[in-house]
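Data block below; observations after.
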Amino acid sequence: MSVTVETLENLERKAILSLAWSEVNAEVEKRLKQTARRVRIDGFRPGKAPLKMVESMYGAGVQNEVLNEMAQKAFYDAVVAQELKVAGFPRLEPVEEQDDKDSLKVAAVFEVFPEVKVGDLSAQEVEKVTAKVGDEEVEKTVDILRKQRTRYNHVEREAKNDDRVIIDFEGKIDGVAFEGGTSQNYPFVLGLGQMLPEFEAGILGMKENEAKDVEVSFPEDYHGKDVAGKTAVFTITLKNVSEPVLPEVDEEFAKALGIADGDVAKMREEVKKNVEREVKRRVDAQTKEAAMEALLAATEGLQVPKALVSEEAQRLAEEMKQNFVNQGMADAAKLDLPAEMFNEQAERRVKLGLILAALVEEHKLEPTEEQIKAIVSEFAESYEDPQEVIDWYFADKSRLQGPTSLAVEANVVDYVLGKAKVNEKALSFDEVMGAQA
Numbered sequence: 119m120s121v122t123v124e125t126l127e128n129l130e131r132k133a134i135l136s137l138a139w140s141e142v143n144a145e146v147e148k149r150l151k152q153t154a155r156r157v158r159i160d161g162f163r164p165g166k167a168p169l170k171m172v173e174s175m176y177g178a179g180v181q182n183e184v185l186n187e188m189a190q191k192a193f194y195d196a197v198v199a200q201e202l203k204v205a206g207f208p209r210l211e212p213v214e215e216q217d218d219k220d221s222l223k224v225a226a227v228f229e230v231f232p233e234v235k236v237g238d239l240s241a242q243e244v245e246k247v248t249a250k251v252g253d254e255e256v257e258k259t260v261d262i263l264r265k266q267r268t269r270y271n272h273v274e275r276e277a278k279n280d281d282r283v284i285i286d287f288e289g290k291i292d293g294v295a296f297e298g299g300t301s302q303n304y305p306f307v308l309g310l311g312q313m314l315p316e317f318e319a320g321i322l323g324m325k326e327n328e329a330k331d332v333e334v335s336f337p338e339d340y341h342g343k344d345v346a347g348k349t350a351v352f353t354i355t356l357k358n359v360s361e362p363v364l365p366e367v368d369e370e371f372a373k374a375l376g377i378a379d380g381d382v383a384k385m386r387e388e389v390k391k392n393v394e395r396e397v398k399r400r401v402d403a404q405t406k407e408a409a410m411e412a413l414l415a416a417t418e419g420l421q422v423p424k425a426l427v428s429e430e431a432q433r434l435a436e437e438m439k440q441n442f443v444n445q446g447m448a449d450a451a452k453l454d455l456p457a458e459m460f461n462e463q464a465e466r467r468v469k470l471g472l473i474l475a476a477l478v479e480e481h482k483l484e485p486t487e488e489q490i491k492a493i494v495s496e497f498a499e500s501y502e503d504p505q506e507v508i509d510w511y512f513a514d515k516s517r518l519q520g521p522t523s524l525a526v527e528a529n530v531v532d533y534v535l536g537k538a539k540v541n542e543k544a545l546s547f548d549e550v551m552g553a554q555a
């Protein structure tokens, strides 16, 4: 079997496969004989039906099967012989012009991986983010932890912001009640923006068992389309007012945070370690993103195989559906999310994957065992028994794929920072913690 390969558009190639009819027919005959021995045909004992009859019934299907398999083999033989770097799977197509009666021509259309050339990184600017964690940041975090453990005590006074209230309410538009506008014993905390501003403002200053009408205008872009842009009157009855009480930073509080002996100093040190770890994760993520953008800019115009983009887009669509399921949306698995929605994100990921692979190979950026161990140890720090977590990772090499990928990315980021123009930017604690990561 001979093969010729021609270049189509961009990364697309076409291989013309020549399949000898003598080989095809010999294999078809062999399989038909095997079929004849096992099929049951009315009027004949098993294995006794005439071969011609078996051929008339199964010949076309067997021939298609043989042609497909031989074409696939011819293609992959050509891939090996010509050292082609194929991306995705080939698409087999018929060839109209058959100029040799002794052979059949079949076309295999496929894509190849591009040659990745990273441009001059010294022309790229990368913003390297830094942030410090001091006593002030630790105290802010302790305050957050205290608020997470807020309890509420009943009070007999007017309601104010930060109070938890329990209310009954009934809303009407033009005197008619509407869906979702009525509730009883509804609890929420004033001042957190859980309800519309006019609704919350109407409750401020009310006392228990007091009732009043509050006029509320729904925004034009309100999620409930039936009431968007309309004005409703809510009859609100305040049934309970409770004020927040934060726990003291003491032995009991420290124990609640996992400090066995209740030592507050140890608790603060543990909080600081956790905050430092989270801040580092976030600033590293921002710096990595900047480095990746520099790589994309340095390889502008890089073409990527459509097949890989399609596969990645499909994977992203499935990943999003699974995330919805994990969040409790039981019917999310049935959602029809067009993979095309993710094409832009998928193309970016494929590009970066190709760029990183090229850099790692060219500049020997494979991670060391020590780097992988360090990442696993960092993962384990936040667990009660770090060694148990470390042992779990190293008990199965497949579990090290994630840490290994992170180590590769870290090496690539270091490489980029060593070549590009780096601008350091110090962020405040609030800026870092408010960033998406």
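Be aware that the sequence shown starts at 119, since it is given in the working numbering, and climbs by one per residue.
Yeah, the Cβ is synthetic: ideal placement off N, Cα and C, and Gly gets one too.
Please read all numbers here as calculations on a predicted model, not as lab measurements.
Is DSSP giving residue i helix, strand or coil here?
{"i": "K191", "result": "helix"}
{"i": "E173", "result": "helix"}
{"i": "T349", "result": "strand"}
{"i": "I508", "result": "helix"}
{"i": "N303", "result": "strand"}
{"i": "R163", "result": "coil"}
{"i": "N186", "result": "helix"}
{"i": "D65", "result": "There is simply no residue 65 to check, as the chain begins at 119 and stops at 555 in what is shown."}
{"i": "G289", "result": "strand"}
{"i": "I354", "result": "strand"}
{"i": "L474", "result": "helix"}
{"i": "S500", "result": "coil"}
{"i": "K373", "result": "helix"}
{"i": "R466", "result": "helix"}
{"i": "V273", "result": "coil"}
{"i": "F228", "result": "strand"}
{"i": "V367", "result": "coil"}
{"i": "A249", "result": "coil"}
If I follow the unbroken beta strand (DSSP E) through residue i, where does it start and stop?
{"i": "P485", "result": "It is not in any beta strand (DSSP E) - P485 carries neither H nor E in the DSSP assignment."}
{"i": "E549", "result": "Per DSSP, E549 belongs to no beta strand (DSSP E); it is in the alpha helix (DSSP H), 547-552."}
{"i": "A451", "result": "No beta strand (DSSP E) contains A451, which DSSP labels as neither H nor E."}
{"i": "D281", "result": "Unbroken run through D281: none, as it is neither H nor E."}
Tell me whether residue i is buried or exposed, calling it buried when 16 or more other Cβ atoms sit within 10 Å of its Cβ.
{"i": "R400", "result": "buried"}
{"i": "E430", "result": "buried"}
{"i": "L169", "result": "exposed"}
{"i": "M447", "result": "exposed"}
{"i": "N529", "result": "buried"}
{"i": "V227", "result": "exposed"}
{"i": "D281", "result": "buried"}
{"i": "T259", "result": "buried"}
{"i": "F207", "result": "exposed"}
{"i": "Y501", "result": "exposed"}
{"i": "A151", "result": "Here the sequence assigns Lys to residue 151, which means Ala is not the residue at that position. When all chains shown are included, K151 counts as exposed."}
{"i": "P337", "result": "exposed"}
{"i": "V294", "result": "exposed"}
{"i": "M459", "result": "exposed"}
With respect to the alpha helix (DSSP H) encompassing residue i, which residues constitute its N-terminal and C-terminal limits?
{"i": "A383", "result": "382-416"}
{"i": "N529", "result": "519-537"}
{"i": "R433", "result": "424-444"}
{"i": "P315", "result": "315-321"}
{"i": "R264", "result": "253-266"}
{"i": "A205", "result": "Note, A205: premise wrong, no alpha helix (DSSP H); beta strand (DSSP E) at 204-212."}
Between residue i and residue j, is the Cβ-Cβ spacing less than 7 Å?
{"i": "A154", "j": "V142", "result": "no"}
{"i": "Q404", "j": "V247", "result": "yes"}
{"i": "A192", "j": "L135", "result": "yes"}
{"i": "I490", "j": "A525", "result": "yes"}
{"i": "L308", "j": "N279", "result": "yes"}
{"i": "L239", "j": "K482", "result": "no"}
{"i": "A409", "j": "V534", "result": "yes"}
{"i": "L129", "j": "E243", "result": "no"}
{"i": "E442", "j": "A450", "result": "Note that residue 442 corresponds to Phe in the displayed sequence, not to Glu. Yes, they are a contact pair."}
{"i": "V213", "j": "A225", "result": "yes"}
{"i": "G320", "j": "V332", "result": "yes"}
{"i": "A464", "j": "V427", "result": "yes"}
{"i": "Y304", "j": "I291", "result": "no"}
{"i": "V351", "j": "V283", "result": "no"}
{"i": "V363", "j": "R269", "result": "yes"}
When the cut-off is 7 Å and only beta carbons count, does residue i lie next to chain C?
{"i": "A205", "result": "Structure shown: chain C not included; a single protein chain is present."}
Segments of 4+ residues assigned as alpha helix (DSSP H) that fall wholly inside the region 122-158: 139-156
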